[in-house]
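Read through the structure below, which is laid out as structure tokens, and then see the notes.
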Amino acid sequence: MVTSASPATDSVAPVAGEAAAAFEQGLDHLSPNRNLAPLTARLDALGRLEVGGVALGELAQTYGTPLYVIDEETLRATCRAYRLALAGHYPGDALALYASKANSSLAITALVASEGLGLDAVSAGELLTALQGGMPAERIVFHGNNKSAEELQLAIDRGVTVVLDNWNDIELLSTLASGRAKPVRLLVRFTPGIECHTHEYIRTGHLDSKFGFDPDQLESVLRHLAGCPWALVDGLHAHIGSQIFELEPHRDLAAVMAEALLLARSLGHPCGDLNVGGGLGIRYVGSDDPPSIQEWVRVVAGAVAEACSQRQLVLPRLLCEPGRSLVATAGLTLYTVGSRKQIPGLRTYLSVDGGMSDNPRPITYQSLYTAVLANRPLAEGTDLVTVAGKHCESGDVLLHDVRLPATAPGDVLAVFATGAYNAAMGSNYNRIPRPAAVLVHDGVAEVVQRREQPEDLLRYDVLPHRLLPVS
Ligand code: LLP
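So the sequence shown is numbered by our numbering: it starts at 1 and just counts up by one.
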């Protein structure tokens, strides 16, 4: 087991002992977001790593690399963890909505829908994926700080709840929706002004944010909407950020939201829903220590119930929008090891056949990951290496200064916890095709996203006739 050290330090993560601990954590079904590896990670009789009952090395051989692997059992376990914790800790109705920006596909939608969750979408693409993946429209909310008229039209035609983010949404909807038989069901999003400790790019709740109405404007927005026959304001929404390990900001959020709920209801809005967003972090490396899903829900649900009862508010339905903590640990990425460059006294680069186009998180947020060799996961990490991607960019590094066993070209590397914001944020940089994704379950692997082919990348290119090469 290797863990990437912070690029800013020379520290090197411990090896074998931690590997054993990580696999034990993998058995902890109660806290899937606290595991490094999927819940079904096991060693087979030959000491190779298998997930979902399938040897990872064999998956790499059959489907090629880079390959996203999604473990169905882990994904179902995180869904259930949210569902059961909400039922156990919140005295009213509650629903977890999967933030599909974390990883949007038909198969993931279908799994999440079958576990009884709802979904949050932020574009026509995510909305179509959700609807086609079988998510009932009444369990979908549609977000966005710059929704187009076409996107709003799609949402209201399909009966999806719209999260109002700004005056532009109000203007567009007043045109699109006035005259309709039924008003549009809305949640109103505002920035709660809560700071939390996470990467500044993924903080959204502080006042200087592009999302939602400024809290000082909330009252005038709600007053305006009270006079709009096309609008049914059935809830409020706020989200404070992502990959958050602290619980206190979520507690503060509950009080801020309950106060806003009091205001909205006093202005005549039914506001049956209170949506507290997502944000619970996961363990990427051994030193990460996020609260478990249960713990997070207990605190959030308790804080919302208490804040409402203090204000004698009828309990709203509690909505939350977990993304990362639902899908990250269910996913891992397989790469094939290729070239090696040894710079004496400085560094050894080990290159793999993917990188920043399938996982842009390290180069974007300096994110750390944990990796093992698929066929020798417990072998001692004797080599200090930096695992680089294959893109023409020096910063294309997946893991900085980690210890791996000696490798040879062709070895398969498994990087854990890549199920969230990897495929979803992937690109075709350097015209590199996107990887395939397979779902593993009970010893069976199924392709849920086909591997892109180089020809696919030319699909939308147009070569004007006058530029055609003359033969
Ligand atoms: N709800 C809203 C309104 C959001 O903006 C987000 C995430 C979520 C829910 C889900 O948050 P989660 O439970 O996943 O933390 N690309 C970044 C993460 C950006 C998160 C954006 N919003 C990353 O790779 O870390």
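Positions of the beta carbon are idealized from the N, C-alpha and C atoms, including for glycine.
Counted within 10 angstroms of its Cβ, other Cβ atoms place residue i as buried (16 or more) or exposed
| i | result |
| --- | --- |
| residue 55 | buried |
| residue 444 | exposed |
| residue 23 | Confidence at residue 23 is low in this model, with a pLDDT of 44, below 50, so its placement is unreliable and no value can be given for it. |
| residue 381 | buried |
| residue 343 | exposed |
| residue 419 | buried |
| residue 285 | buried |
| residue 13 | Confidence at residue 13 is low in this model, with a pLDDT of 34, below 50, so its placement is unreliable and the value that follows should be read with caution. So residue 13 counts as buried. |
| residue 189 | buried |
| residue 462 | exposed |
| residue 151 | buried |
| residue 180 | exposed |
| residue 341 | exposed |
| residue 250 | buried |
| residue 493 | Nothing can be reported for residue 493, as the shown portion of the chain is limited to 1 through 471. |
| residue 243 | buried |
| residue 72 | buried |
| residue 225 | buried |
| residue 392 | exposed |
| residue 2 | Reliability fails at residue 2, whose pLDDT of 45 lies under 50, so the model's placement of it is uncertain and the value that follows must be treated cautiously. Counting Cβ neighbours within 10 Å, residue 2 comes out buried, since at least 16 surround it. |
| residue 168 | exposed |
| residue 175 | exposed |
| residue 287 | exposed |
| residue 376 | buried |
| residue 281 | buried |
| residue 210 | exposed |
| residue 239 | buried |
| residue 472 | The structure shown does not extend to residue 472, since the chain is modelled only from 1 through 471, so no value can be given for it. |
| residue 455 | exposed |
| residue 68 | buried |
| residue 125 | exposed |
| residue 464 | exposed |
| residue 403 | buried |
| residue 182 | exposed |
Start-to-end residues for the alpha helix (DSSP H) that takes in residue i
| i | result |
| --- | --- |
| residue 112 | 106-114 |
| residue 397 | Segment 397-404 is the beta strand (DSSP E) holding residue 397; no alpha helix (DSSP H) there. |
| residue 368 | First-last for residue 368: undefined, no H or E at that position. |
| residue 256 | 248-266 |
Residue range of the unbroken beta strand (DSSP E) whose run includes residue i
| i | result |
| --- | --- |
| residue 89 | No beta strand (DSSP E) holds residue 89; the alpha helix (DSSP H) holding it covers 72-89. |
| residue 413 | 412-416 |
| residue 132 | Counting along the chain, residue 132 falls outside any beta strand (DSSP E), though it belongs to the alpha helix (DSSP H) covering 124-132. |
| residue 437 | 436-441 |
| residue 446 | 444-449 |
| residue 280 | Counting along the chain, residue 280 falls outside any beta strand (DSSP E), and DSSP gives it neither H nor E. |
Residues bridged to residue i (per DSSP)
| i | result |
| --- | --- |
| residue 50 | 42, 55 |
| residue 118 | 97 |
| residue 383 | 404 |
| residue 140 | 119 |
| residue 273 | 235, 317 |
| residue 68 | 333, 437 |
| residue 388 | 351, 397 |
| residue 373 | 413 |
*4-residue-minimum alpha helix (DSSP H) runs that sit fully inside the segment 152-227, ordered along the chain*: 167-177, 218-226
*Which full runs of the beta strand (DSSP E) of 3+ residues lie inside the segment 298-354, going along the chain?*
317-320, 331-343, 347-352
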